[in-house]
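First the structure, in the form of structure tokens, and then the observations on it.
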Amino acid sequence: MAPPWKSSDTDAPATTEVDTGDVVDENSPIPSAPPAHLTARDTVYEVDVAIVEEDESTTKNSSVLDDEPVNAIITTREYGQKGRGAAKEWAIKRTIGEGALSSYHSISERTSKSEAASVEEPSEKIADLKPPEPGRLRLLSGITASFEPGTMTALMGSSGAGKSTLLDVLAGYKTGGHIQGKININGHPKTDQSWQAIVGYCEQVDLHNPAMTVRESLVFAARMRLRPYSIQDSAKIEFAGKIIKLLDLNEFADMLVGDEASGEGLPKHARKRLTVGVELASNPSILFADEPTSGLDSLSASVVVASLERAARQEGLTVVCTIHQPSRSVFESFDNLLLLRKGGVCVYNGKIANLDQYMQSAPNGEEYAMPDEVNPADHILEVFCGPFGEKQDWADLFRKSDMATAASKSFDSCGCSYCQGGEICVDSHSQSFMSELYIVFQRQMLAHWRTPTYMAIRFWWTVIANIMTGAIYFQASTKSDNAVTNTTNIIGAIFFYVNIGTMSIMSAVVPLISERAVFYREIASGTYRKAVYGLAVQLAELPFNVGCAIISFVIFYFMVGLKLEGERIGYFVLMAIGTNWIMPTFGQLFAFLSPNIGAAVGYGALSQMVFTLTMGFLIPPSDIPPWFIWIYWINPLRYILQGMVSNEIGGSPEGDQILNALSWSFDDRWWYCLAAVAMFGIAGGVGILAATRISWLQR
Numbered sequence: 001m002a003p004p005w006k007s008s009d010t011d012a013p014a015t016t017e018v019d020t021g022d023v024v025d026e027n028s029p030i031p032s033a034p035p036a037h038l039t040a041r042d043t044v045y046e047v048d049v050a051i052v053e054e055d056e057s058t059t060k061n062s063s064v065l066d067d068e069p070v071n072a073i074i075t076t077r078e079y080g081q082k083g084r085g086a087a088k089e090w091a092i093k094r095t096i097g098e099g100a101l102s103s104y105h106s107i108s109e110r111t112s113k114s115e116a117a118s119v120e121e122p123s124e125k126i127a128d129l130k131p132p133e134p135g136r137l138r139l140l141s142g143i144t145a146s147f148e149p150g151t152m153t154a155l156m157g158s159s160g161a162g163k164s165t166l167l168d169v170l171a172g173y174k175t176g177g178h179i180q181g182k183i184n185i186n187g188h189p190k191t192d193q194s195w196q197a198i199v200g201y202c203e204q205v206d207l208h209n210p211a212m213t214v215r216e217s218l219v220f221a222a223r224m225r226l227r228p229y230s231i232q233d234s235a236k237i238e239f240a241g242k243i244i245k246l247l248d249l250n251e252f253a254d255m256l257v258g259d260e261a262s263g264e265g266l267p268k269h270a271r272k273r274l275t276v277g278v279e280l281a282s283n284p285s286i287l288f289a290d291e292p293t294s295g296l297d298s299l300s301a302s303v304v305v306a307s308l309e310r311a312a313r314q315e316g317l318t319v320v321c322t323i324h325q326p327s328r329s330v331f332e333s334f335d336n337l338l339l340l341r342k343g344g345v346c347v348y349n350g351k352i353a354n355l356d357q358y359m360q361s362a363p364n365g366e367e368y369a370m371p372d373e374v375n376p377a378d379h380i381l382e383v384f385c386g387p388f389g390e391k392q393d394w395a396d397l398f399r400k401s402d403m404a405t406a407a408s409k410s411f412d413s414c415g416c417s418y419c420q421g422g423e424i425c426v427d428s429h430s431q432s433f434m435s436e437l438y439i440v441f442q443r444q445m446l447a448h449w450r451t452p453t454y455m456a457i458r459f460w461w462t463v464i465a466n467i468m469t470g471a472i473y474f475q476a477s478t479k480s481d482n483a484v485t486n487t488t489n490i491i492g493a494i495f496f497y498v499n500i501g502t503m504s505i506m507s508a509v510v511p512l513i514s515e516r517a518v519f520y521r522e523i524a525s526g527t528y529r530k531a532v533y534g535l536a537v538q539l540a541e542l543p544f545n546v547g548c549a550i551i552s553f554v555i556f557y558f559m560v561g562l563k564l565e566g567e568r569i570g571y572f573v574l575m576a577i578g579t580n581w582i583m584p585t586f587g588q589l590f591a592f593l594s595p596n597i598g599a600a601v602g603y604g605a606l607s608q609m610v611f612t613l614t615m616g617f618l619i620p621p622s623d624i625p626p627w628f629i630w631i632y633w634i635n636p637l638r639y640i641l642q643g644m645v646s647n648e649i650g651g652s653p654e655g656d657q658i659l660n661a662l663s664w665s666f667d668d669r670w671w672y673c674l675a676a677v678a679m680f681g682i683a684g685g686v687g688i689l690a691a692t693r694i695s696w697l698q699r
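The UniProt record's numbering puts the first residue of the sequence shown at 1, with every later residue one more than the last.
If you want it as structure tokens, here you go:
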């Protein structure tokens, strides 16, 4: 049988009717995903650039990313005296937040430090397309395309052509820049309310919680994303099992995902299929995949693409993938090709079966015929985007072709049956707020439990630090014959006890920063509400904080020899729990506020020092500088220390005398407790607000 690019069928891409078979059986309460015909017209994407004097430009020594530049600097040369036109030389500096994805992207692997890039100037060559405004650089130049249900479309092009940029724009994942154009679903304008529910987006980087198994990851995604809300959990679990079978993940189903950087857990090809599976768990109509074969050998790449092909053929999904240097077998899996050259200019958009005849129909087309012995993908890139491309204006040839006309007509009215059914309407959320909170809380708890280093650090620090403090202040309440000396020693012991609890501020930062990329992916896909995550990570700390508080109480309280009275013991335990819960909350707050782990740790260390200095013990409140006194009033450690000390030494002549000297009071100990709770509530509330309002991800 002839390969698909050798087909003699030269017609423009026609509408294809597909059988959208259910993922589950006929009696399943989970309905089939509605077919979605995605069409886009005149898609333009531009980014703001800074114009600098040529002698100050770093163009010639700048690094250039392979794709989707975010920020750019262009030289004044050939820009014009009034800043009009397009620059020919520019440098790109990608500005992804380090805390978000720095641990997953290796910039050095995607850059070339010795070359500058030459940008096409499509605005001067493409008819009916206005040139970009001064200070903007155009990365996509009026792309019009049609993506049909049950088909697989490959987005290809040379490095820097805008493949991933186009995919992000179509999927609605761009967080910056200026987007123009229209996107329709089944002939109706795209709406934000339903978009997240009908779209799956497979990131190029496989972002999963390493402490979960494959099955747990898919069940979590199904429970959180399957709509409608009325679907029972048992059906969602069954649905996840069907996905495992569909993607041939049975042998990995109960294996922990693991940390890819350390080489633990799933092999690369299984991670890629899990990435696809997590998106399929939402039962989408459209599936976008950003270079799903990157980092894989040819065999593994074929396995991953075969999984995508099964999803398209069996479930009727509209599958759109960016592909870089595919093998012959991978390339043959696709039905359609959308090919871009640098500058985001479309040079081919149609069936792969028509490629060979299309190339030969060009002037001197015999030069472009597809050789049997070469990889067709390599040949296509060489013809359209390489040396051959300089001999032929493929962009102009495509604009005059039947394919371009068909793509434009399909946007207005394609006439297919699945576009006659009307707009796709779905629920905005698949779970209630409380259900989401419970499920995310469960996962966070399980992740903590399966992370030995997290558990070990908290446990051993609590044990060792309290044993050392207890040994130094052993039986401090009765060690001296002088009651004032004993009381002073007790205050010192409690001061160090409170400071031991502050170390948890650091332990709370690392896991939150480490899983930030997963959080951003799940938020972008509508897995749960942002506030749910902010609250769940705080609640997930509670059991461990209570455990550490009880351990520290048992060691410290009896070694130091504090009073064995029921009310005093109960108060001390309550404040101990507060100490071990308040400080991790501050750590989580700093994690949400910080662009990366270095900044978060720095904020944590600084706050730890400032809180310790302004507790009112090392420095009396009257000696704290006026511009720092506000910290004393909002310092939660101050209220915890005052409460614990007042609870222990209050009620005795010597103790009351010292409390009066410190302006503390035994009668106010419960007010101190309420103040500490208030500080905790404020820190927790600000942390949740930060989780909902601050994002360090830039695309």
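Glycine is no exception: its CB is placed at the ideal position from the N, C-alpha and C atoms.
Exposed is the label assigned to Met434, since fewer than 16 other Cβ atoms lie within 10 Å of its Cβ. Here DSSP, grouped into helix, strand and coil, assigns Lys190 to coil. Ile380 sits close to Leu355, with the two beta carbons spaced by under 8 Å. A Cβ-Cβ distance of about 6 Å is found for the pair Gln431 and Met224, placing them in contact under the 8 Å criterion.
When the five nearest sequence neighbours on each side are left out, the beta carbons in the same chain lying within less than 7 Å of the beta carbon of Ile694 are those of Phe592 and Leu593, in order along the chain. Following the DSSP letters along the chain, one finds Met152 inside the beta strand (DSSP E) bounded by residues Met152 to Gly157.
Ranked by Cα distance from Asp393, the first of Glu366, Tyr520, Asp372 and Ala362 is Ala362.
Leu139: member of the beta strand (DSSP E) spanning Arg136 to Phe147, first to last residue.
Bounds of any beta strand (DSSP E) do not take in Ile624, whose DSSP letter is neither H nor E. If one requires a minimum length of 4 residues, the alpha helix (DSSP H) runs lying completely within the region 611-691 are 629-634, 636-649 and 653-661, in chain order.
Secondary structure of Gly602 (DSSP, three-state): helix. Rounded to the nearest angstrom, the Cβ distance from Gly344 to Ala161 is 7 Å, consistent with a contact under 8 Å. Taking Gly501 as reference, the option from Arg450, Ser514 and Ile582 with the minimal CA-CA separation is Ile582. Under the three-state reduction of DSSP, Tyr229 is assigned to coil, being neither helix nor strand. For Asp393, there is no enclosing beta strand (DSSP E), since its DSSP letter is neither H nor E.
Note that the region 216-231 touches the region 274-285; at least 3 beta-carbon pairs, one per stretch, sit closer than 8 Å.
Bridge pairing for Leu38: Phe147 and Ile185 [DSSP]. Bridge pairing for Thr43: Ile143 [DSSP].
A contact between stretches requires three or more CB pairs, one per stretch, nearer than 8 Å, and the region 456-463 meets this requirement with the region 499-515. Across the structure, Ala471 and Pro210 are spaced so that their CA atoms are roughly 39 Å apart. Sorting Glu309, Leu38, Met503 and Ser302 by C-alpha distance to the C-alpha of Gly187 places Leu38 at the top. For Asn184, the CB contacts under 7 Å within the same chain, skipping 5 residues up- and downstream, are Thr39, Lys190 and Phe411 in chain order. At least 8 Å separates the beta-carbon of Met679 from that of Tyr632. Taking the Cα positions, Gly681 is about 21 Å away from Gly570. For Asn336, the secondary structure class from DSSP, reduced to helix, strand or coil, is strand. Taking C-beta atoms as the reference points, Asp42 and Lys182 count as a pair closer than 8 Å. Residue state for Thr175 is assigned as coil, using DSSP reduced to three classes. Leu564 carries a coil assignment under DSSP once its states are collapsed to helix, strand and coil. Met644 is the residue among Met644, Ala253 and Ser307 whose C-alpha sits nearest the C-alpha of Ile491.
Taking 8 Å as the cut-off, the beta carbon of Ala531 is found closer than this to the beta carbon of Thr692. Each residue's CA atom was taken as its position, placing Pro621 and Ile629 some 7 Å apart.
Apart from the 5 residues on each side of it in sequence, Leu247 sits with its Cβ closer than 7 Å to the Cβ of Arg273, Val276, Gly277 and Ser307 in its chain, given in chain order. Taking all protein chains shown into account, Tyr358 has 16 or more neighbouring C-beta atoms within 10 Å of its C-beta and is therefore buried.
With respect to the 8 Å criterion, Leu697 and Thr175 are classified as neighbours on the basis of their beta carbons. Nearest in C-alpha terms to Ile597, of all of Glu654, Thr585 and Pro511, is Pro511. Uninterrupted alpha helix (DSSP H) stretches at least 4 residues long and entirely within the region 241-316 occur at 268-280 and 298-315, given in chain order.
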